[in-house]
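Everything in the sequence shown is counted per the working numbering, starting at 1 for the first residue and increasing by one.
Taking it in order: structure first as structure tokens, then the write-up.
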Amino acid sequence: MAKDTSKQSDTGSATANPVSNAIELLKADHRAVEKLFDAFEKAGNDDLAAKGTLAQRACEALTVHAIIEEEILYPAAQKALGKDKIDVEEAFVEHFLVKTLISKFTTLKPGEQGFDATFKVMSELVRHHVEEEEDELFPEFQKSGADLLALGKQLHARKEQLQSKLEEAGSKLVGDNTIAFAGSA
Ligand SMILES: [Fe+2]
Ligand SMILES: [Fe+2]
């Protein structure tokens, strides 16, 4: 659970800048979900409304993030780096586990047994996954000479598309399967 604060500083402008490069965009996503995790941890035990909203927002953000990585980033990284240098299969498996936990929230409601525990395990899994991406995958990919700005535009466009789909669906991923997982949206 140790937090590398140096990761915080280099993404400050990414959310405001729609054409940030791929790595900046994804790191900004990471910081955003970490904020939601922190807020959930700080929410009072009885503040079920806050917990429900935070869980919903985290699930939505993670779903969109996972889709754009799986559709765009991972294939590009695999192509640029080759299988011997970086293996994205572990990342795919971790995404699968996160998505499995996200799907639990379609029936699990705040205050019910297992809600907090499921959120905690999900957030721990995501924090670990994010650390691996930022410590291994992203630096290697950055060195590969891939066009990170073009890729950032692609990620941004797909993200906007998925977000408007969520908005159309009333942005209620929890209890709503309008947006499918694993890049099938
Ligand atoms: Fe990921
Ligand atoms: Fe990521």
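Even glycine gets a Cβ: it sits at the ideal position worked out from N, Cα and C.
#### Entry: Span of the alpha helix (DSSP H) around PHE115
Indexing the sequence shown from 1 puts residue 115 at position 115. Note, PHE115: alpha helix (DSSP H), 115-132.
### Query
alpha helix (DSSP H) containing ALA50: first to last residue?
On the sequence shown, position 50 is the one that residue 50 refers to. Here the alpha helix (DSSP H) through ALA50 covers 48-68.
### Query
Is PRO110 helix, strand or coil by DSSP?
Mapped onto the sequence shown, residue 110 falls at position 110. PRO110 falls in the coil class under three-state DSSP.
### Message
Restricting to Cα atoms, I'd like to know which of LYS42, PHE138, LEU97 is closest to ALA76.
### Response
Taking the first residue of the sequence shown as position 1, residue 76 is located at position 76. For ALA76, the nearest C-alpha among the options comes from PHE138.
### Task
To the nearest angstrom, report how far apart GLN56 and GLU140 are at their CA atoms.
What you label residue 56 is simply residue 56 of the sequence shown in a count that begins at 1. What you label residue 140 is simply residue 140 of the sequence shown in a count that begins at 1. Going by the C-alpha atoms only, they are around 32 Å apart.
### Query
Residues near ligand 4, CB to any non-hydrogen atom under 6 Å, in chain order?
What this structure holds is ligand 1 and ligand 2, not ligand 4.
#### Entry: Candidates GLU167, LYS35, GLY152, of which the one nearest LEU26 by Cα
The sequence position of residue 26 within the sequence shown is 26, counting from 1. A check of alpha carbon separations from LEU26 across GLU167, LYS35, GLY152 identifies GLY152 as the nearest.
### Query
Near ARG158, which residues of its chain fall below 8 Å by C-beta distance, leaving aside the five closest residues on each side in sequence?
Stepping through the sequence shown from its first residue, residue 158 is reached at position 158. Only ILE67, ILE68, GLU71, ILE72 meet the Cβ criterion.
### Query
Could you give the distance in angstroms between the alpha-carbon of GLN142 and the alpha-carbon of VAL88?
On the sequence shown, residue 142 is found 142 positions in, with the first residue counted as 1. On the sequence shown, residue 88 is found 88 positions in, with the first residue counted as 1. Straight-line Cα distance between these residues: approximately 15 Å.
### Message
Just checking LEU26 against ligand 2 - is the residue's beta carbon closer than 6 Å to any of the ligand's heavy atoms?
### Response
For the purposes of this step, residue 26 is taken as the residue at position 26 of the sequence shown. Yes, since a heavy atom of ligand 2 falls inside the 6 Å radius drawn around the Cβ of LEU26.
### Task
Check SER164 in the structure and name its three-state DSSP category.
Taking the first residue of the sequence shown as position 1, residue 164 is located at position 164. Annotated three-state conformation of SER164 is helix, per DSSP.
### Query
If you run the structure through DSSP and keep just helix, strand and coil, what is ALA76?
Walking along the sequence shown from the start, residue 76 turns up at place 76. Helix, per DSSP.
### Message
For HIS30 and MET122, what's the separation of their Cα atoms in angstroms?
### Response
For the purposes of this step, residue 30 is identified with residue 30 of the sequence shown, where counting begins at 1. For the purposes of this step, residue 122 is identified with residue 122 of the sequence shown, where counting begins at 1. Going by the C-alpha atoms only, they are around 14 Å apart.
### Continuous alpha helix (DSSP H) stretch holding LEU36: start and end
Against the sequence shown, residue 36 aligns to sequence position 36. Unbroken alpha helix (DSSP H) run through LEU36: 22-42.
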